[in-house]
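Residue numbers (the numbering used here): 540 to 714. C-beta: ideal position from N, C-alpha, C; glycine also. I have placed the structure first, in the form of structure tokens, so that the comments after it can refer back to it.
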């Protein structure tokens, strides 16, 4: 049991609690957006109490088994309703080298256009379906962030990164 008197309690169970409450905060705006740090601090206590007020009275601030189960159930329900990641990339060893054309680049370039106003380092370029200079720049930027060789080639890893960034900053950022 996690109780507010253990304000300095650090551990994976607190981090798991914070992760679940953070995910719920995207759906329920009254919950504070926590950063999972493993410390049961004031913001975590506030989130627990607000959750209890709305979904699992009484409001005690204590995370007993009933509160934990209620948070976990609502978390699982929320994850089940979340849009699935986009599976628009062919996978395997499919790549698009600089200068090549691919139907898959239209979507990647559109995601880059949306991200350009939100992330420093991404250049705006047209969605042409060609791995042009702007697309190569953006792919190299992603590859540098990941510590991978900066090739400018669209591959599965680059697709995964741009689609995750799009989901985090555009899809969830607008919610």
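Are the CB atoms of residue 610 and residue 556 within a distance shorter than 8 Å? yes
By Cβ distance, which residues of its chain are closer than 6 Å to residue 637, with the 5 residues on each side in sequence left out? 670, 675 and 691
Euclidean distance between Cα positions of residue 689 and residue 708: 23 Å
Roughly how many angstroms separate the alpha carbons of residue 550 and residue 579, rounded to a whole number? 9 Å
Would a C-beta distance cut-off of 8 Å place residue 660 and residue 673 closer than the cut-off? no
Beta-carbon proximity check, residue 693 vs residue 635, cutoff 8 Å: yes
Residue from 590, 686 and 643 with nearest C-alpha to residue 702: 643
Neighbour-count burial assignment, residue 721, 16 or more Cβ in a 10 Å radius: The requested residue 721 does not occur in the structure, where the chain is confined to residues 540 to 714.
Which residues mark the beginning and the end of the alpha helix (DSSP H) in which residue 563 is found? 551-566
With 16 other Cβ atoms within 10 Å as the buried cut-off, status of residue 565: exposed
Using the Cα positions of residue 645 and residue 639, report the straight-line distance between them to the nearest angstrom. 12 Å
Going straight from the alpha carbon of residue 682 to that of residue 552, what length do you get? 33 Å
Using DSSP bridges, identify the partner residues of residue 616. Paired residue(s): none; residue 616 is not in a bridge.
Are the beta-carbon atoms belonging to residue 571 and residue 554 less than 8 Å from one another? no
Buried or exposed for residue 651, going by 16 or more other Cβ atoms inside 10 Å? buried
Classify residue 727 as helix, strand or coil using the three-state DSSP reduction. A question about residue 727 goes unanswered here, because the residues of the chain that appear run from 540 up to 714.
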